[in-house]
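Just below is one structure, and these are the notes that go with it.
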């Protein structure tokens, strides 16, 4: 029985037809209407009250970003953005995620028919995840973007940090969760290594945006690094696994590889977490944030078994409570925290106290 109603919004008739064909082929999803622009979409949403919409990033008249701003202000709902895999497309899509879009798919440039068919499984999977998304968390993300004042958590200057590295893994909803944490962390933190499921151009632009809004140096990693630095954030570059290792002097470094996908992802959170369990053991903190699927759950369990301190984002603040849920079910999580308390807890673990 069809259970999830979808409206497709795209200015291309071909793309609307292709998306409708892909979506309606699934027994659970049902396209109830299609719109060629934002104005038509607004009326169709009022008429059909869909559970999810797909939204083209670039449309004539009112573009996808302007429409999304209005939608999230007036009627927050799950939105799957449809973007091009270009530098401009990645920038606009990252802005859409800031405004409250749940996730995105990247349509290829020049060959939408074959490209979208290759993405059929991903489109269906992400639409189903969007339908289960936490609207409260989506609204929170949108408000954080609108009112961007953050409270930096202050460390105890006399405390001695017992940790060499903090590693964080995230997927759906993770870009905004990562931003909220990093914007609240003070200088003096140990190196932070991130895996967020992103394509290459998206990873580069996300690193650049983080570098602008946080206190830290942020880099997208696409080659090995010897010696991680304090006050620096290392983001896995798109399509590269990222692993931590130790060189002969004992310093922590990073290596990249293009080996097979793990849990259907490259970069994979599990690959990073497994390397931390092997090389850093009890001198690491692992954090698993919002995301669909199970990537990172097993690796977080290995980290905990090796003595690392492990945290997961709680259900109420996750956009999609998938990866943290699996980790909790597997006994991989030492402590569960809402997103708004995660930065404070990291500072407390590293420096001994939280203060205002």
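Residue numbers (the UniProt record's numbering): 1 to 356. Cβ coordinates follow ideal geometry from the N, Cα and C atoms, glycine included.
Checklist line | beta strand (DSSP E) segment containing residue 246, residue limits | finding: If you look at residue 246, you'll find it in the beta strand (DSSP E) that goes 241-246.
Check: Counting pairs of beta carbons, one from the segment 161-170 and one from the segment 286-301, are three or more of them closer than 8 angstroms?
Finding: yes
Margin query: Let's see if you can read the secondary structure: which residues bound the beta strand (DSSP E) around residue 286?
Written below: 284-288
Next item on the list: Could you tell me if residue 195 is buried or exposed, where buried requires 16 or more neighbouring beta carbons within 10 angstroms of its beta carbon?
Entry: buried
Notebook entry, point to check: Under a Cβ-count criterion, where at least 16 other Cβ atoms within 10 Å of its own Cβ denotes burial, should residue 60 be classed as buried or exposed?
Noted result: Flag for residue 60 reads exposed.
Check: With a CB to CB cut of under 8 angstroms and the five nearest residues on each side skipped, what residues in its chain are close to residue 113?
Finding: 14 and 18
Next item on the list: Would you check if there are 3 or more beta carbon pairs closer than 8 angstroms linking the segment 64-74 to the segment 178-191?
Entry: no
Next item on the list: In the DSSP assignment, find the unbroken alpha helix (DSSP H) run with residue 69 in it and report its ends.
Entry: 64-74
Check: With 16 other CB atoms within 10 Å as the buried threshold, where does residue 148 fall?
Finding: Confidence at residue 148 is low in this model, with a pLDDT of 49, below 50, so its placement is unreliable and no value can be given for it.
Next item on the list: Round the Cβ separation of residue 276 and residue 244 to the nearest angstrom and send it over; I've been treating them as touching at under 8 angstroms.
Entry: 5 angstroms
Check: Is it the case that the Cβ atoms of residue 370 and residue 80 are separated by a distance below 9 angstroms?
Finding: Because the chain here runs from 1 to 356, residue 370 falls outside it and cannot be looked at.
Item checked: alpha helix (DSSP H) runs contained entirely in the segment 210-245, provided each spans 4 or more residues -> none
Next item on the list: May I ask you to list the residues that DSSP assigns as paired with residue 107?
Entry: 84
Next item on the list: Starting from the C-beta of residue 4, find all residues in its chain whose C-beta is less than 6 angstroms away, skip the five residues before and the five after it, and write them out in chain order.
Entry: 28, 29, 51 and 131
Notebook entry, point to check: Distance, Cα to Cα, residue 227 vs residue 279?
Noted result: 14 angstroms
Next item on the list: Ignore the nearest five residues each way along the sequence and tell me which others in residue 24's own chain have a CB closer than 6 angstroms to its CB.
Entry: 31
Next item on the list: Between the Cα of residue 193 and those of 233, 214, 211 and 220, spot the shortest distance and give me the residue it belongs to.
Entry: 233
Checklist line | Cut-off 8 angstroms between Cβ atoms - residues of its own chain near residue 340, not counting five sequence neighbours on either side | finding: 180 and 317
Checklist line | Span separating the alpha-carbon of residue 272 from that of residue 93 | finding: 26 angstroms
Next item on the list: Consult DSSP for residue 327 and reduce its assignment to one of helix, strand or coil.
Entry: helix
Notebook entry, point to check: Is the Cβ-Cβ distance between residue 323 and residue 336 less than 9 angstroms?
Noted result: Remark: C-beta atoms of residue 323 and residue 336 do not approach each other more closely than 9 angstroms.
Checklist line | Per DSSP, the bridge partner or partners of residue 194 | finding: 168 and 235
Checklist line | residue 309 - partner residues in DSSP beta bridges | finding: Partner(s): 285.
Next item on the list: Specify, as a first and last residue, the run of the alpha helix (DSSP H) that residue 34 falls within.
Entry: It is not in any alpha helix (DSSP H) - residue 34 instead sits in the beta strand (DSSP E) that spans 29-35.
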